[in-house]
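*Asks:*
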Amino acid sequence: MWKEVVLLVKKEALLEWRQKYALNGILLYVTSAVFIAYLSMGAGQGKLQVPIWNSLYWIIILFSAVNAVAKSFVQEQQGRQFYYFMIASPEAIILSKTIYNTGLTLVLALLGYIVFGIVFGNPVADQPFFLLNLLLGAIGFSAALTMVSAIASKAGNNGTLMAILSFPVMIPILLMTIQVSKSAIDGLDRGISAEKILTLMAINAIVTATSYILFPYLWRS
Numbered sequence: 185m186w187k188e189v190v191l192l193v194k195k196e197a198l199l200e201w202r203q204k205y206a207l208n209g210i211l212l213y214v215t216s217a218v219f220i221a222y223l224s225m226g227a228g229q230g231k232l233q234v235p236i237w238n239s240l241y242w243i244i245i246l247f248s249a250v251n252a253v254a255k256s257f258v259q260e261q262q263g264r265q266f267y268y269f270m271i272a273s274p275e276a277i278i279l280s281k282t283i284y285n286t287g288l289t290l291v292l293a294l295l296g297y298i299v300f301g302i303v304f305g306n307p308v309a310d311q312p313f314f315l316l317n318l319l320l321g322a323i324g325f326s327a328a329l330t331m332v333s334a335i336a337s338k339a340g341n342n343g344t345l346m347a348i349l350s351f352p353v354m355i356p357i358l359l360m361t362i363q364v365s366k367s368a369i370d371g372l373d374r375g376i377s378a379e380k381i382l383t384l385m386a387i388n389a390i391v392t393a394t395s396y397i398l399f400p401y402l403w404r405s
């Protein structure tokens with residue numbers, strides 16, 4: 185199965201490279217959102233307060249992840265999906281989509297972090313801990329949104345269904361990542377956020393395991 189996963193991840197990367205406009209559009213979305221926030225907040229007169237910086241950053245990353253992952257199954261034509269059905273297992277398909285979307289979301293998050301630091305300043309005191317939280321957030325966003333994208337692709341009005349289903353699932357992950365990143369920004373002792381990190385890891389594991397178990401039934405339909 186892992187050989188299939190590797191091949192499918194390479195296929196996703198190759199398709200993304202051929203359709204550069206999709207990736208460039210997402211990257212442009214991140215930078216544009218940061219720039220619009222800069223203009224609307226009037227931050228040129230001073231730096232943002234830490235809670236505003238933290239919340240605004242994660243909201244932009246969340247919407248960027250939704251736009252990036254939404255096309256996971258929606259862009260696949262029915263004939264191509266039937267071809268995948270014959271040559272690959274559903275477990276390999278959902279794992280490959282999740283892994284690729286995690287990498288894509290992490291790239292968007294790092295880009296947003298760099299642009300945010302340039303535009304608004306970088307108040308993060310504990311950089312490694314913030315980046316660890318960034319990785320866990322990318323995994324959680326990707327695992328949840330990939331499964332929601334698969335469900336939405338089976339419906340006619342998939343764009344609306346994607347928005348309706350995704351945000352209730354994303355709220356616990358978003359709140360947890362905001363709390364952990366606040367501790368990293370303040371430079372607090374990592375032990376204070378250890379329970380939150382474990383909770384975030386548990387949420388990621390549950391969402392990934394649920395997708396792995398339930399996706400084959402959705403795929404057969």
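Heads up, the sequence shown is in the working numbering, so the first residue is 185 and it goes up one at a time.
No residue lacks a Cβ here, since even glycine has one placed at the ideal position from N, Cα and C.
1) Determine the contact status of V364 and S377, defining contact as a CB-CB distance below 8 Å.
2) With 8 Å set as the bound, which would you pick, yes or no: does the beta-carbon of V190 sit closer than that to a beta-carbon of chain C?
3) Would you call the CB atoms of P274 and W403 closer than 8 Å?
4) Within its chain, find whatever has a CB closer than 7 Å to the CB of S333; leave out the 5 residues flanking it on each side and keep chain order.
5) How long is the line joining the alpha carbons of V303 and L232, rounded to whole angstroms?
6) I'd like to know whether the C-beta atoms of T289 and A249 end up nearer to each other than 8 Å.
7) Is I210 near N251, with beta carbons less than 8 Å apart?
8) Check this for me: beta carbons of S239 and I362, under 8 Å apart or not?
9) Restricting to Cα atoms, I'd like to know which of L212, N317, A197 and Y268 is closest to R433.
10) What's the gap between the Cα of I357 and the Cα of A276?
11) For the putative contact between V189 and I283, defined by C-beta atoms under 8 Å, what is the C-beta separation to the nearest angstrom?
12) How far does the alpha helix (DSSP H) with G287 in it extend, from its first residue to its last?
13) Would you kindly work out how many angstroms separate the C-alpha atoms of A386 and Y213, rounded to a whole number?
14) Do A368 and F300 have their C-beta atoms closer together than 8 Å?
15) Taking only the alpha-carbon atoms, compute the straight-line gap between M225 and I236 and give it to the nearest angstrom.
*Replies:* Quick answer:
1) Closer than 8 Å, so yes.
2) The structure shown contains no chain C, having only a single protein chain.
3) A contact, by the Cβ cut-off of 8 Å.
4) The residues are V253, A254, S256, F257, V258 and M346.
5) Going from the Cα of V303 to the Cα of L232 covers about 10 Å.
6) Yes, these two residues count as a Cβ contact at 8 Å.
7) In contact: I210 and N251 (Cβ atoms closer than 8 Å).
8) The answer is yes: Cβ separation under 8 Å.
9) Residue 433 lies beyond the stretch modelled for the chain, which goes from 185 to 405, so this question has no answer here.
10) Approximately 25 Å, taken between the alpha carbons.
11) Right, the Cβ-Cβ distance comes to about 7 Å (below 8 Å), so this counts as a contact.
12) P274 to F304 is the extent of the alpha helix (DSSP H) around G287.
13) Rounded to whole angstroms, A386 to Y213 spans 30 Å at the Cα level.
14) Result no, Cβ atoms of A368 and F300 do not sit closer than 8 Å.
15) About 10 Å.
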